[in-house]
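Taking it in order: structure first as structure tokens, then the write-up.
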Amino acid sequence: MKTIAFSFLFMLVSATACTQKKEDSPLISPKMKPINSVPFLTKQNDFIYVDKTSLKPITNQKFKRASVYTPTGFATVGNEKNEYAVIDENGKIILNFSEEDIHLSVVNGFTFYKKDIEYEKKMPVWKWDWNIMGGGVKKEQTYHKIEIGVLETKQILLDEDIPYQDKSYYLNFVSVDENHIFWNGNLYEIRKGRLNKIEKNIAELLENKRSIKASNTDFSIYELGQKKAIHSRMKGIETIQLQFGKETITMTDINKERYQPEIPKLLVDSKNNDIYPFPQYEKVFPKEIIKATASQIDFIKKTSLVYSITNSPYFLLGVFNYDHEIWAFDWLYIDTKGNVVDTIDKYNFKVLDQIGYMVWPDRKMIIPNQFINKNWKFGKINSYRGMNDLYLIRIEDEKRVRTIGLWNSDKNSWEIKPEYHNISVLDAKEEIYALQKEENGLYTLYDNKTQKRLGSKAYKSINSDGLVNAGFSSQESIYYYIDIYSGKEYKE
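Number 89 in this note's numbering belongs to position 89 of the sequence shown; there are no gaps in the numbering.
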């Protein structure tokens with residue numbers, strides 16, 4: 001059997017910052033408040049902040065660029081020198097204008113910022129890049145200067161200069177609970193209104209306030225606030241042995257990946273040989289098959305993917321079908337007691353490939369054959385946090401025309417028929433979408449709950465924060481903001 005060369009990720013679905021709604025912490029903090037100010041584009045191509053209802057100016061300040069306010073009351077603004085700053089709701093400058101790009105993110109009521117600038121750094125002679133083909137000597141290297149901190153407390157969590165090709169840092173802060181935040185391998189406790197680092201060297205944050213720490217080739221699982229590990233000295237493996245009656249079944253190359261993951265997808269407890277599978281490592285894979293048919297046993301012998309389906313007693317078993325007409329996984333399931341079944345009930349669990357497309361549940365589970373046109377070929381499937389039973393499905397018809405639609409797997413019907421070139425998710429929970437009918441065409445706002453178009457305008461692009469590009473030609477760009485829930489435009 002071939003070794004599968006794909007990598008897969010457990011999906012707690014979030015979205016990209018530019019075209020999808022970015023999910024901050026689900027916890028509501030007292031610091032969060034309704035924001036009534038919005039950036040408004042004047043006839044002079046300046047942005048001012050106005051009251052979103054009356055459109056009256058909040059201050060007399062003008063900016064060349066402006067963002068919407070965070071729920072904590074901060075926004076990034078730019079001037080005519082291409083410098084950026086952070087202001088509060090009163091227009092007071094919190095971070096001074098500078099050449100660095102500035103990004104903001106809110107978690108647990110704290111506003112985290114990232115300042116980033118690229119520059120050329122002079123290197124010592126032993127690090128010069130000598131071009132032996134006569135191209136000269138490069139005495140500089142491209143570096144990034146990155147600063148990440150907290151606006152409210154003025155804490156600086158990271159301040160580094162790193163080579164351009166090295167790792168970067170992101171504002172991927174995670175709320176563990178109302179008093180703890182995880183970021184960059186560190187656990188912070190909120191104490192007296194400030195972040196205090198209480199743990200470090202965390203390789204992976206798990207559900208239910210658990211985490212994994214790594215030490216060389218050993219791994220340990222901890223509970224929040226507990227110094228003693230739940231499981232210690234665990235090792236990564238790629239082989240599982242199962243007993244079926246008198247027969248020993250050995251599954252090899254399980255969860256094999258092209259690149260070595262930081263944490264193996266299977267961890268075995270060296271004390272008792274219990275195997276804990278990815279993604280949450282929360283339950284033990286059975287050592288014995290109690291109930292299975294002959295065909296199920298043949299399937300298990302070829303299994304190449306084993307995942308734990310969280311919040312259920314089941315594990316997912318996958319065999320990749322290399323038939324080019326299919327080119328997808330076939331599935332079986334085994335519970336913690338060793339019972340093998342062909343199907344299971346629905347669980348809020350999804351498996352994505354490395355670039356975010358759906359692997360499980362697969363197309364047949366989402367849209368059964370009786371609801372499809374026999375001439376259709378299916379492409380990738382997407383689903384984002386908050387979409388629940390809604391899926392973006394790509395289709396190619398008999399004329400090789402490719403379209404995308406929004407399918408409701410609970411109702412087995414199209415919410416948005418597959419008649420569009422592209423559909424962008426702006427707010428998954430409120431079901432606000434941007435629809436593009438034709439390639440290179442304009443986007444329109446659509447409210448799927450009311451099944452109505454929002455506003456009368458169409459745009460070259462629509463972002464989840466309401467920023468639109470209303471340029472009339474491919475070379476022209478005119479940016480301003482709209483309310484994605486009504487279509488109201490904030491411009492003169």
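Built from N, CA and C at the ideal position, the CB exists for glycine as well. Since this is a predicted model, take the numbers as computed values, not measurements.
CA-to-CA, the gap between leucine 171 and asparagine 201 works out to about 18 Å. Going by C-alpha positions, lysine 337 is about 28 Å away from arginine 363. Between leucine 426 and isoleucine 462, the CB-CB gap stays under 9 Å. Taking 9 Å as the cut-off, the beta carbon of proline 71 is found closer than this to the beta carbon of isoleucine 35. With a 10 Å radius around the Cβ and a threshold of 16 neighbouring Cβ atoms, phenylalanine 182 comes out buried.
In the structure shown, phenylalanine 349 falls within a coil segment according to DSSP collapsed to helix, strand and coil.
When C-beta atoms of the stretch 259-273 are compared with those of the stretch 328-335, fewer than three pairs fall below 8 Å, so the two segments do not count as touching.
When the Cα atoms are used, glycine 136 and alanine 470 turn out to be separated by approximately 46 Å. Burial of glutamine 296 is indicated by the presence of at least 16 other C-beta atoms within 10 angstroms of its C-beta. The C-beta of glutamine 475 has fewer than 16 other C-beta atoms within 10 Å across all chains shown, which makes the residue exposed. Annotation for serine 295: the continuous alpha helix (DSSP H) segment containing it runs 294-301.
In the three-state reduction of the DSSP assignment, asparagine 186 falls in the strand class. Residue environment for leucine 151: buried (at least 16 other C-beta atoms within 10 angstroms of its C-beta). Straight-line measurement puts the Cα of tyrosine 357 at about 25 Å from the Cα of isoleucine 300. Within the model, the alpha-carbon separation for glutamate 99 versus lysine 449 is close to 43 Å. Taking 9 Å as the cut-off, the Cβ atoms of isoleucine 482 and glutamate 492 do not count as close. Between the alpha carbons of glutamine 280 and threonine 217 lies a distance of about 19 Å. As far as DSSP is concerned, glutamine 260 takes part in no beta bridge. Between glutamate 120 and tyrosine 143, the CB-CB gap stays under 9 Å. When the beta-carbon positions are compared, threonine 303 and valine 319 come within less than 9 Å of each other.
For the 9 Å CB-CB criterion, asparagine 422 and leucine 442 do not form a contact. Counting along the chain, arginine 363 sits inside the alpha helix (DSSP H) bounded by residues 363-366.
If you ignore the 5 residues before and after serine 270, its C-beta comes within less than 8 Å of the C-beta of Arg233, Met234, Lys235, all in its own chain and listed in chain order.
Shown here for asparagine 339: same chain residues with a beta carbon closer than 7 Å to its own, the five before and five after excluded, namely Ile290, Lys291 in chain order. Closest in alpha carbon position to valine 341, among Leu332, Tyr347, Asn348, is Leu332.
For tryptophan 126, the three-state secondary structure derived from DSSP is helix. The shortest C-alpha to C-alpha distance from lysine 437 to any of Ala458, Pro163, Asp465 is the one to Ala458. Cβ contact annotation for lysine 145 (same chain, cutoff 6 Å, sequence separation greater than five): Ile117, Asp161, in chain order. Of the residues assessed, alanine 66 falls on the buried side of the cut-off, its CB having 16 or more other CB atoms within 10 angstroms. Counting only the Cα atoms, valine 176 lies some 33 Å from proline 39. Arginine 194 is a Cβ neighbour of glutamine 155, given a cutoff of 9 Å. Sixteen is the threshold: since fewer than 16 other Cβ atoms of the shown chains lie within 10 Å of the Cβ of phenylalanine 472, the residue is exposed. If you compare the alpha carbons of Leu317, Lys399, Gly245, Tyr433 with that of valine 351, the shortest gap goes to Leu317.
Look at asparagine 369 here: in three-state DSSP terms it is helix. Taking each of Gly379, Arg453, Lys139 in turn and checking the Cα distance to proline 418, the smallest one comes out for Gly379. Taking 8 Å as the upper bound for CB-CB distance, alanine 229 and isoleucine 221 are in contact here, some 6 Å apart.
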